[in-house]
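> In the numbering used here, the protein residues as written are 134 to 546.
Don't be surprised by glycine CBs; every beta carbon is placed ideally from N, CA and C.
Sharing a structure, written as structure tokens. Questions coming.
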């Protein structure tokens with residue numbers, strides 16, 4: 134039997150999950166030491182409780198998918214609205230190098246998945262499902278490609294396998310990023326952790342306009358920001374414009390060569406709107422309000438995503454798929470430590486970027502940002518990481534991933 138939460142109950146539950154996560158991270162030294170994001174900590178407890186309820190009483194909890202999707206789109210709109218071209222130039226060659234490293238990993242990820250599937254005697258396309266389709270692509274890409282693989286390539290249960298694999302990736306992506314970055318930081322003595330007093334002072338000291346201008350999007354999730362009602366209303370109007378643009382373009386591009394997921398159009402709409410307003414109409418964009426709404430949407434989206442997880446679906450995975458996903462986890466950690474970290478300079482920024490890569494390489498861009506926030510909250514700012522990862526993880530990676538998947542499917546067609 135399914136218990137369905139409407140939008141109001143879903144929002145209440147998500148807030149409770151976030152408060153629970155904050156309480157756990159503040160009280161449990163292990164979670165704080167290994168930089169586990171608050172939404173992940175609280176969300177996993179909620180998912181485990183859902184599993185207990187399901188096993189004992191047979192009830193499963195379903196949350197408002199519309200509300201979850203809306204917060205995800207607002208988060209991606211905030212990335213686009215924060216994409217000031219003059220700031221993006223600060224990424225420089227680092228953005229290009231990181232993008233090459235990420236693109237190369239997509240190929241590695243699919244090679245590992247398909248090779249293991251072949252060795253285990255199952256269809257290699259199941260390895261593709263447990264590769265970049267679900268791990269780099271996430272639940273949205275898993276849903277889109279699952280139907281195609283079932284109908285056009287005869288992979289029975291591709292959608293269910295995709296959802297389970299994406300669920301696994303979402304959890305693991307939020308668990309391995311922080312500990313990996315912490316290990317790299319400590320091993321190479323890249324930074325010293327902040328004391329609780331320093332963190333409290335920073336979080337409760339309002340940012341000046343100059344500090345807000347110099348910071349990167351989502352860099353200080355707990356930082357006090359001074360905004361007004363007028364700024365908030367204007368910012369909400371821009372978010373609405375981005376979502377409306379995305380809805381129109383999703384329908385307009387359906388079935389064409391330039392068809393893209395809705396969240397990509399949302400991000401693109403934000404980029405276009407931001408830079409037209411600034412460059413053409415000379416409008417001053419209030420970044421602090423965008424940052425506040427973006428961070429709130431990020432936390433709520435992750436809480437809802439983990440709250441709606443059905444962990445018993447993971448128990449239905451075939452043994453070979455569990456082997457593949459385990460190998461993908463090890464591959465991701467090794468690649469981030471020995472490739473991403475090294476090509477990005479083996480410094481503090483590189484360690485934070487490695488945490489971000491684990492986030493969207495195994496889960497989703499919101500997980501990547503949460504991973505980085507957990508690290509920078511403990512060790513200090515990383516402007517470079519927060520300039521590079523949101524744009525790369527939300528936009529370029531999906532385009533590259535779609536291209537790679539298309540090429541593979543054409544080869545196996």
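If you count every other CB in all the chains shown that lies within 10 Å of the CB of residue 284, and 16 or more means buried, which is it?
Counting Cβ neighbours within 10 Å, residue 284 comes out exposed, since fewer than 16 surround it.
> Could you tell me which of 197, 156, 181 sits nearest to residue 136, measuring between CA atoms?
For residue 136, the nearest C-alpha among the options comes from 197.
> Among the residues of its own chain, which have a CB less than 7 Å from the CB of residue 473, if the five just before and after it don't count?
234, 486, 487, 490, listed in sequence order.
> Among the candidates 324, 391, 525, whose CA atom is the shortest distance from the CA of residue 508?
The candidate whose alpha carbon is nearest that of residue 508 is 324.
> Would you call the CB atoms of residue 429 and residue 172 closer than 8 Å?
Going by C-beta atoms, residue 429 is not nearer than 8 Å to residue 172.
> Which residue comes first and which comes last in the alpha helix (DSSP H) that contains residue 431?
First-last of the alpha helix (DSSP H) with residue 431: 420 to 440.
> Give me whichever residues DSSP pairs with residue 136 in a beta bridge.
DSSP output for residue 136 lists 194 as bridge partner(s).
> Based on Cα-Cα distance, which residue from 417, 300, 456, 514 lies nearest to residue 367?
Measuring from the Cα of residue 367, the nearest candidate turns out to be 417.
> With distances taken Cα to Cα, identify the nearest neighbour of residue 412 among 212, 163, 297, 217.
Considering only alpha carbons, the answer is 217.
> Given a cut-off of 8 Å, decide if residue 294 and residue 259 are closer than it, judged by their beta-carbon atoms.
Yes, they are a contact pair.
> Following the continuous alpha helix (DSSP H) through residue 477, name the residue where it begins and the one where it ends.
First-last for residue 477: undefined, no H or E at that position.
> Mind reading off the beta-carbon distance from residue 200 to residue 144? Whole number of angstroms is fine, and I expect it under 8 Å.
That belief holds up - the Cβ atoms of residue 200 and residue 144 are roughly 7 Å apart, short of 8 Å.
> Below 8 Å, can you find three or more Cβ-Cβ pairs linking the stretch 231 to 250 to the stretch 451 to 464?
Segments in contact, yes.
> Output the distance between the C-alpha atoms of residue 326 and residue 512, rounded to the nearest integer angstrom.
So the two alpha carbons sit approximately 5 Å from each other.
> Around the C-beta of residue 399, are 16 or more other C-beta atoms found within 10 angstroms, so that it is buried, or is it exposed?
Burial call: buried.
> If we call anything under 8 Å between Cβ atoms a contact, is residue 394 one with residue 435?
No, the pair does not count as a contact, with Cβ atoms beyond the cut-off.
> When you compare the CB positions of residue 180 and residue 439, do they come within less than 8 Å of one another, or not?
Contact flag set, yes.
> Can you find a heavy atom of the ligand PLP that lies under 7 Å from the Cβ of residue 236?
Among the components modelled here there is no ligand, and therefore nothing to report on the ligand PLP.
> Using only the alpha-carbon positions, how far apart do residue 370 and residue 360 sit?
Going from the Cα of residue 370 to the Cα of residue 360 covers about 15 Å.
> Using beta-carbon positions only, say whether residue 309 and residue 466 come within less than 8 Å of one another.
Yes, Cβ-Cβ distance for residue 309 and residue 466 is below 8 Å.
> Can you tell me whether DSSP reads residue 255 as helix, strand or coil?
DSSP places residue 255 in coil when its eight states are reduced to three.
> How long is the line joining the alpha carbons of residue 265 and residue 384, rounded to whole angstroms?
C-alpha separation (whole angstroms): 25 Å.
> Can you tell me where the alpha helix (DSSP H) with residue 492 in it begins and where it stops?
Here the alpha helix (DSSP H) through residue 492 covers 481 to 495.
> Suppose only complete runs of 4+ residues qualify. What are the alpha helix (DSSP H) ranges in the stretch 357 to 426, listed by chain order?
Listed in chain order, they are 362 to 386, 395 to 412.
> The alpha helix (DSSP H) with residue 321 in it runs from where to where?
Per DSSP, residue 321 belongs to no alpha helix (DSSP H) and is neither H nor E.
> By the 10 Å Cβ neighbour count, where 16 or more other Cβ atoms means buried, how is residue 363 classified, buried or exposed?
Residue 363 is exposed by the Cβ-count criterion.
> Quick one: measure Cβ to Cβ for residue 311 and residue 178, integer angstroms, because I've assumed they're closer than 8 Å.
No, residue 311 and residue 178 are not in contact; Cβ-Cβ is about 17 Å, not under 8 Å.
> Excluding the 5 residues preceding and the 5 following residue 158 in the sequence, name in chain order all residues of the same chain whose CB lies nearer than 7 Å to its CB.
Cβ neighbours of residue 158 beyond the five flanking positions: 164, 165, 169, 171, 174.
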